[in-house]
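K.L.:
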Amino acid sequence: MSIQNWFEEKQSAWLYRIVTRAEPDPVKSTLFAELADMAESQARIWQQQIERAGGQVPEFRPGLRARLVARLIGVLGPHALRPVLVAMKVRGMSVYRGVAVHGGHPMPTSVGEVGHRHKGVETGGNLRAAVFGVNDGLVSNAALIMGVAGATQEPKVVLLTGIAGLLAGAFSMAAGEYVSMRSQRELFEYQIALEREELEEYPIEEQEELALIYKARGLSKQQADEVAAGLMKNSQQALDTLAREELGLNPDELGSPWGAALSSFVAFAAGGLVPLLPFLFGAGPYLLTAIVIVTGAALFGVGATLSLFTGKAAWWSGLRMVLIGGAAGLATYLIGGLMGGLLT
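Last residue of the sequence shown? That's 470 in the numbering used here, and every number before it is there in order.
Given below as structure tokens:
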């Protein structure tokens, strides 16, 4: 494991140098240059452990992924590559959240304030994700049903298509969300485990890194040093704060892959079920009209609900959603009618 730790620190230092050259802000650039020196120092600690155990460190060569990221930094800049750089063990990305003296979240000036600003940040996030999931299922399945209805007026065909679209979309969303959340959680757990190991191995260096980040984000050197020193008195608090400030992660909110998959499935299926409701009541010759009315009402409701998160007027958000969803349904209906005429 020590060879791996040595390599991670050497590669981090190499990437820090790339970020330093690409960062136009002199304050941030100085931070990353100092973090590069820190990483080199930490790499030497691992090297000494390896040599004491009778091992030998190889010549350092950055990996293919690191070289690719370095090229992307030159093209896009470090700000655009924050998630990638965090995954590559480049710390200090929290400086891009803004500094203390210019609005936004205030920087902590004491240990008691650390982590306080993170509470409640995700309030409403689950509800918002559920609403968007319902909207995805509603629009996609309604558009699919309208497309098939444009090609054929056979109710059984339209119904089977709608059911297939609902199930395929819901399972696809659930599988995609599971893979995404599982991969994200594994990355976060790996990063936090590395941080825990480094905190145990060289706490003084980790304290200095944290102080550098706080200093770059607006605190005076004395304040930054005091806050960082206070944090290191409690190992769990120190790890939580390092994860937040160096990695941009909240260890308490890594997410559940199965929970995310189930919620995505249910939300999409709930939305996809709406255009199928007229089939339950036997709308007969007015089936298509009933589908349009029910779907339009649901779209308006979803849009009005989204106004809770956007601050816009509920009637305008609802109307906009009806227009967008209606345009998608009309387009697929016309295309379905055209394709149905060509294939019959």
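Where a beta carbon is used, it is the ideal one built from N, C-alpha and C, also for glycine. Computed from a predicted model, the values in this text were never measured in an experiment.
Buried or exposed: where does isoleucine 199 fall if 16 or more other Cβ atoms within 10 Å of its Cβ makes it buried?
P.N.:
By the 10 Å Cβ count, isoleucine 199 comes out buried.
K.L.:
Is there at least one Cβ from chain B nearer than 9 Å to glutamine 348's Cβ?
P.N.:
The structure shown contains no chain B, having only a single protein chain.
K.L.:
Report the CB separation of threonine 431 from valine 257 in whole angstroms; it is logged as a contact under 8 Å.
P.N.:
So it is a contact: roughly 5 Å between Cβ atoms.
K.L.:
Hey, how far is the Cα of glutamine 333 from the Cα of glutamate 324?
P.N.:
Those two C-alpha atoms are separated by around 11 Å.
K.L.:
Just to confirm my understanding: we take alanine 213, look at its own chain, exclude 5 residues before and 5 after, and list those with CB closer than 8 Å. What are they?
P.N.:
Contacts found: Leu313, Gln317.
K.L.:
Kindly indicate which residue of Trp172, Arg187, Arg217, Asn267 has the alpha-carbon position closest to the one of alanine 342.
P.N.:
The shortest C-alpha separation from alanine 342 is found at Arg217.
K.L.:
Would DSSP call threonine 249 helix, strand or coil?
P.N.:
Here the model assigns threonine 249 a pLDDT of 39, short of 50, so the residue's position is not dependable and the matter cannot be decided.
K.L.:
What is the DSSP secondary structure of valine 153, counted as helix, strand or coil?
P.N.:
Valine 153: helix per DSSP, three-state reduction.
K.L.:
With glutamate 185 as the anchor, note down where its alpha helix (DSSP H) starts and where it stops.
P.N.:
First-last for glutamate 185: undefined, no H or E at that position.
K.L.:
Buried or exposed for glutamine 137, going by 16 or more other Cβ atoms inside 10 Å?
P.N.:
So glutamine 137 counts as buried.
K.L.:
Give me, in chain order, the residues of the same chain whose beta-carbon lies closer than 8 Å to that of arginine 322; leave out the 5 immediate sequence neighbours on both sides.
P.N.:
The residues are Leu365.
K.L.:
Tell me the DSSP secondary structure of asparagine 360 in three-state form.
P.N.:
It is coil, neither helix nor strand.
K.L.:
Taking just the CA atoms, how far does valine 210 sit from alanine 306?
P.N.:
One point to set straight first is that residue 306 is serine, not alanine, in the sequence displayed. Computed Cα separation, rounded: 15 Å.
K.L.:
To the nearest whole angstrom, what separates the beta carbons of tyrosine 328 and glutamine 168, a pair I think is in contact under 8 Å?
P.N.:
Indeed, because the Cβ distance is near 6 Å, the residues count as touching under 8 Å.
K.L.:
Are the segment 151-158 and the segment 173-187 touching, with three or more C-beta to C-beta distances below 8 Å?
P.N.:
Touching, no.
K.L.:
Taking glutamate 280 as the reference, which of Ser382, Ser346, Phe405, Trp140 has the closest Cα?
P.N.:
Taking only the C-alpha atoms, the option nearest glutamate 280 is Phe405.
K.L.:
Apply the 10 Å Cβ neighbour rule to asparagine 131 and answer buried if 16 or more other Cβ atoms are within range, or exposed otherwise.
P.N.:
Asparagine 131 should be labelled buried.
K.L.:
Give the C-beta separation of alanine 159 and alanine 139 to the nearest angstrom, bearing in mind that I take them to be a contact with Cβ-Cβ under 8 Å.
P.N.:
Not confirmed; about 10 Å, so no contact.
K.L.:
Output the boundary residues of the alpha helix (DSSP H) element that contains tyrosine 222.
P.N.:
Careful: tyrosine 222 lies outside any alpha helix (DSSP H) and carries neither H nor E.
K.L.:
Do three or more CB pairs link the segment 200-208 to the segment 346-362 at distances below 8 Å?
P.N.:
Output reads no: the segment 346-362 does not touch the segment 200-208.
K.L.:
Any idea if proline 401 is buried or exposed, counting beta-carbon neighbours within 10 angstroms, 16 or more meaning buried?
P.N.:
By the neighbour-count rule (16 or more Cβ atoms within 10 Å), proline 401 is buried.
K.L.:
Between valine 418 and asparagine 261, what straight-line distance do the alpha-carbon atoms span, to the nearest angstrom?
P.N.:
Valine 418 and asparagine 261: Cα-Cα distance of roughly 15 Å.
K.L.:
Taking all protein chains shown into account, do 16 or more other C-beta atoms lie within 10 angstroms of the C-beta of glycine 273, making it buried, or fewer, making it exposed?
P.N.:
So glycine 273 counts as buried.
K.L.:
Residue range of the alpha helix (DSSP H) that methionine 299 falls in?
P.N.:
Here the alpha helix (DSSP H) through methionine 299 covers 281-327.
K.L.:
Going by DSSP, what residue range makes up the alpha helix (DSSP H) through lysine 136?
P.N.:
Unbroken alpha helix (DSSP H) run through lysine 136: 128-148.
K.L.:
Check valine 216 in the structure and name its three-state DSSP category.
P.N.:
In the structure shown, valine 216 sits in coil (DSSP, three-state: anything other than H, G, I, E or B).
K.L.:
What number of angstroms, rounded off, separates the C-alpha of lysine 215 from the C-alpha of valine 183?
P.N.:
Cα-Cα distance, rounded: 20 Å.
K.L.:
Is serine 443 helix, strand or coil by DSSP?
P.N.:
Looking at serine 443 - three-state DSSP - the assignment turns out to be helix.
K.L.:
Rounded to the nearest angstrom, what separates alanine 354 and valine 221 at their Cα positions?
P.N.:
One C-alpha to the other measures close to 16 Å.
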